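Colleague:
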Amino acid sequence: MPIFDKNTARIKMVALTKGEQKNITWYSLAKFDEPGNGVSDTTIIKKMLSRIKGKPEMSQVMCIQFYDNQTKQLIEEYK
Numbered sequence: 000m001p002i003f004d005k006n007t008a009r010i011k012m013v014a015l016t017k018g019e020q021k022n023i024t025w026y027s028l029a030k031f032d033e034p035g036n037g038v039s040d041t042t043i044i045k046k047m048l049s050r051i052k053g054k055p056e057m058s059q060v061m062c063i064q065f066y067d068n069q070t071k072q073l074i075e076e077y078k
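As structure tokens, then:
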């Protein structure tokens, strides 16, 4: 089983970067994407944020957006 699957992930994170840098895209872990697991979107977002803290790429990030990966609706935004 893969760690994540961009086609079935519940949450998509997009980190918008400065200048010509490529935006960073991450997807929620597969263990959180299973139907009926009881994990809220807020919990998944907090866990995703904790995983990216301290990464060198984060110095180039201006904004982080979280989307429902199926409906493409914006859930949260951090500037």
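When we follow numbering that gives the first Met the number 0, the leftmost residue of the sequence shown carries the number 0, and every step to the right adds one. We put the CB at the ideal spot given by N, CA and C, even for glycine. All figures in this text were calculated on a predicted structure; none of them were measured in a lab.
Closest to P55 by C-alpha separation, out of I10, T16, F3, would be which residue?
Modeller: Numbered from its first residue, the sequence shown carries residue 55 at position 56. Checking every option, the nearest Cα to that of P55 belongs to T16.
Colleague: With 16 other CB atoms within 10 Å as the buried threshold, where does N22 fall?
Modeller: Your numbering for residue 22 matches position 23 in the sequence shown. Exposed, since its Cβ has fewer than 16 Cβ neighbours within 10 Å.
Colleague: If you draw a straight line from the C-alpha of D40 to the C-alpha of E19, how long is it?
Modeller: Your numbering for residue 40 matches position 41 in the sequence shown. Your numbering for residue 19 matches position 20 in the sequence shown. Distance between the alpha carbons of D40 and E19 is about 31 Å.
Colleague: For M12, collect the residues of the same chain with a Cβ closer than 6 Å to its Cβ; drop the 5 residues on either side in sequence, then sort them by chain order.
Modeller: Indexing the sequence shown from 1 puts residue 12 at position 13. Excluding its 5 nearest sequence neighbours in each direction, M12 has C-beta neighbours in its own chain below 6 Å: W25, M47, F65, listed in chain order.
Colleague: In terms of residue numbering, what span does the alpha helix (DSSP H) encompassing L15 cover?
Modeller: Residue mapping note: residue 15 aligns to position 16 of the sequence shown, counting from 1. Careful: L15 lies outside any alpha helix (DSSP H), inside the beta strand (DSSP E) at 10 to 16.
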